[in-house]
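Just so we're aligned: the sequence shown equals residues 2 to 143 in my numbering.
A quick write-up on the structure given underneath.
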Amino acid sequence: MIRRVYEHKVQYYETDQMGIVHHSNYIRWFEEARVDVLDQIGIGYKKMEEAGVISPVLEVHAAYKTMTHFGDTVKIEASVQKYNGIILEIAYEVRDKKTEEIRCTGSSRHCFLDRQGKPVSLKKSYPDMDEGMKMLLSHQTK
């Protein structure tokens, strides 16, 4: 499976008075890349929610390496680091599209809940989603 890397062009409203991207936007970009990678394998948030599954963020971390400015385009790689059917951990790397310089790295940790907010195992209750997640995990470890 060949996945495309998510790209984002920095918008003016994402910057501060100095024209530098505000730190909170990197977390938004992580989400954009996460949604995109899940959509690419056919188990996006819309499909999960239609099946009665939600996946809230439990933790998110970001390490800011270099500045990103208005007008820059960044590439965001989202890769599954851990998955056990109940918990999903994703790592992110944000790079400048032109220079390949790393702008930010980070991670997020998620669980899966049913409509009542109770933990659910994709492995047991949603085997098709479980297989998709395992495919992403195996793709990352090769």
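Note that the Cβ used here is the ideal one computed from N, Cα and C, for glycine as well.
Remember, it's a predicted structure, so these values are computed and weren't measured experimentally.
Around the C-beta of residue 58, are 16 or more other C-beta atoms found within 10 angstroms, so that it is buried, or is it exposed?
As a position in the sequence shown, residue 58 is number 57, starting the count at 1. Exposed.
Please report the Cβ distance between residue 88 and residue 79, rounded to the nearest whole angstrom; I am assuming they are in contact, meaning their Cβ atoms lie under 8 angstroms.
Your numbering for residue 88 matches position 87 in the sequence shown. Your numbering for residue 79 matches position 78 in the sequence shown. Actually they do not touch by this definition, with Cβ atoms about 16 angstroms apart.
Simplified DSSP state of residue 34, which is helix, strand or coil:
Against the sequence shown, residue 34 aligns to sequence position 33. Residue 34 falls in the helix class under three-state DSSP.
Cα-Cα, which of 133, 50, 106, 124 is closest to residue 26?
Here the question's residue 26 lines up with position 25 in the sequence shown. Ranking 133, 50, 106, 124 by Cα distance to residue 26 puts 106 first.
To the nearest angstrom, report how far apart residue 103 and residue 83 are at their CA atoms.
Here residue 103 is taken as the residue at index 102 of the sequence shown, counted from 1. Here residue 83 is taken as the residue at index 82 of the sequence shown, counted from 1. Distance between the alpha carbons of residue 103 and residue 83: 22 angstroms.
Tell me which same chain residues have a C-beta within less than 6 angstroms of the C-beta of residue 123, skipping the five on either side of it?
Residue mapping note: residue 123 aligns to position 122 of the sequence shown, counting from 1. Taken in chain order, the residues that qualify are 86, 113, 130, 131.
How close, in whole Å, do the beta carbons of residue 10 and residue 74 come, if the pair is a contact with beta carbons under 8 angstroms?
Working through the sequence shown from its first residue, we reach residue 10 at position 9. Working through the sequence shown from its first residue, we reach residue 74 at position 73. Residue 10 to residue 74, Cβ: 5 angstroms. Contact.
For residue 33 and residue 60, the rounded distance between their alpha carbons:
Looking up residue 60 in the sequence shown gives position 59. Looking up residue 33 in the sequence shown gives position 32. Residue 60 and residue 33: Cα-Cα distance of roughly 16 angstroms.
Using CA coordinates, which residue listed in 136, 139, 116, 71 is at the minimum distance from residue 53?
As a working mapping, residue 53 is identified with position 52 in the sequence shown. Checking every option, the nearest Cα to that of residue 53 belongs to 116.
In the DSSP assignment, what residue or residues form a beta bridge with residue 108?
Within the sequence shown, residue 108 is the residue found at index 107, counting from 1. Paired residues: 62, 92.
Under 6 angstroms Cβ to Cβ from residue 38, same chain only, skipping five residues before and after it: list those, please.
The residue you call residue 38 lines up with position 37 of the sequence shown. Answer for residue 38: 79, listed in chain order.
Going by DSSP in three states, residue 7 sits in which element: helix, strand or coil?
Here the question's residue 7 lines up with position 6 in the sequence shown. Strand, per DSSP.
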